[in-house]
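Counting from 29, one number per residue, gives the positions in the sequence shown under the numbering used here. Before any comments, here is the structure.
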Amino acid sequence: METLLWQEAMDFCKKLSAQPAERKAGRTYRLPTEAQWEYACRAGTTTPFHFGNSLSATQANFNGRYPYPVRTPDKKSPPGKYLRRTAKVGSYKPNAFGLYDMHGYLWEFVADAWHENYLGGPVDGNRWGDGRNSIQRVMRGGSWRDRYELLQSTTRWAIPEHVRSDAIGFRCVKAKVRKASQR
Numbered sequence: 029m030e031t032l033l034w035q036e037a038m039d040f041c042k043k044l045s046a047q048p049a050e051r052k053a054g055r056t057y058r059l060p061t062e063a064q065w066e067y068a069c070r071a072g073t074t075t076p077f078h079f080g081n082s083l084s085a086t087q088a089n090f091n092g093r094y095p096y097p098v099r100t101p102d103k104k105s106p107p108g109k110y111l112r113r114t115a116k117v118g119s120y121k122p123n124a125f126g127l128y129d130m131h132g133y134l135w136e137f138v139a140d141a142w143h144e145n146y147l148g149g150p151v152d153g154n155r156w157g158d159g160r161n162s163i164q165r166v167m168r169g170g171s172w173r174d175r176y177e178l179l180q181s182t183t184r185w186a187i188p189e190h191v192r193s194d195a196i197g198f199r200c201v202k203a204k205v206r207k208a209s210q211r
């Protein structure tokens, strides 16, 4: 989904969790925390992108006219396509965790409120802040509009809660599955 507000993404997760089949199965959904999003994006890597140190338009949907340069004097990443829109989900290879479109495609909302940096943030993967003191929300991943710099695994961006864009979306995570005895 795209062109929605952070609260609409949160509401979607609540509505999905409230579906009879999901309730019966004990499943609940929510936005990932910022730390969970980065862990999922990296898929065990330490490079700028889950597929390595370079980025081209054959690997992700972004402004491919500006590829991530290969750092060798005799080799330069060639410019590629710039679709100027979202692509079909799964048009590019998934990461090692089987997740598609973690770089580019759409900026993705996470559950955390914006903080200027991650100093003092939770070290256990929990959400940081309830957002009552901030109207800025965190987005990760970059979008089809962006240059390579904004698609790196570590890049984070803030956006006011009231702003819509066709370059913003979200993905849900399955938060928990309750055992039958807990229903």
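Think of the CB as a built atom: it goes at the ideal place given N, C-alpha and C, for glycine as much as any other residue.
Proximity to residue i [Cα-Cα], best of the options
i: P188; options: C200, R165 and V205; result: R165
i: E177; options: M38, K204, R93 and Q47; result: R93
i: L32; options: K204, F198 and R112; result: F198
i: V117; options: P76, N123, Y128 and V151; result: Y128
i: L111; options: V205, R184 and T86; result: T86
i: V205; options: S45, A88 and T61; result: S45
i: P76; options: F90, L179 and V191; result: L179
Cβ shell of residue i (< 7 Å), same chain only, five flanking positions each side left out
i: C41; result: Y57, R58, L59 and C200
i: F125; result: A68 and A71
i: W142; result: S162, Q164, R165, V166 and A186
i: T61; result: V138, A139, D140, G153, N154 and R155
i: A203; result: T56, Y57 and R58
C-alpha distance - residue i paired with residue j, whole-angstrom precision
i: M130; j: T74; result: 15 Å
i: K43; j: A37; result: 10 Å
i: A139; j: D194; result: 19 Å
i: R51; j: G108; result: 45 Å
i: M29; j: A115; result: 12 Å
i: G148; j: R155; result: 12 Å
i: G153; j: G54; result: 22 Å
i: N81; j: E66; result: 16 Å
i: S209; j: R184; result: Per-residue confidence for S209 stands at a pLDDT of 48, beneath the threshold of 50, marking its modelled position as unreliable; no derived number is given.
i: S119; j: R113; result: 13 Å
i: E144; j: Q64; result: 18 Å
i: A49; j: F90; result: 36 Å
i: Q47; j: K121; result: 31 Å
Same chain only: Cβ atoms within 8 Å of residue i, ignoring 5 sequence neighbours per side
i: S84; result: G92, P95, Y96, S105, P106 and G108
i: H78; result: C69, R70, A71, N123, A124, M130, H131 and S181
i: R192; result: T31, L32 and L33
i: R175; result: F90, N91 and Y94
Beta-carbon proximity list for residue i, same chain, < 6 Å, skipping 5 on both sides
i: P150; result: W156
i: P34; result: Note that residue 34 is Trp in the sequence shown, not Pro. Excluding sequence neighbours, W34 sits near F137, R165 and E189.
i: D39; result: none
Can you confirm whether the segment 132-140 touches the segment 161-176 when touching is taken to mean that 3 or more C-beta pairs between the two stretches lie within less than 8 Å?
yes
Could you name each continuous beta strand (DSSP E) segment of 3 residues or more that falls completely within the segment 159-184, going from the start of the chain to the end?
164-168
Segments assigned beta strand (DSSP E), at least 3 residues, entirely inside the segment 30-79:
55-58
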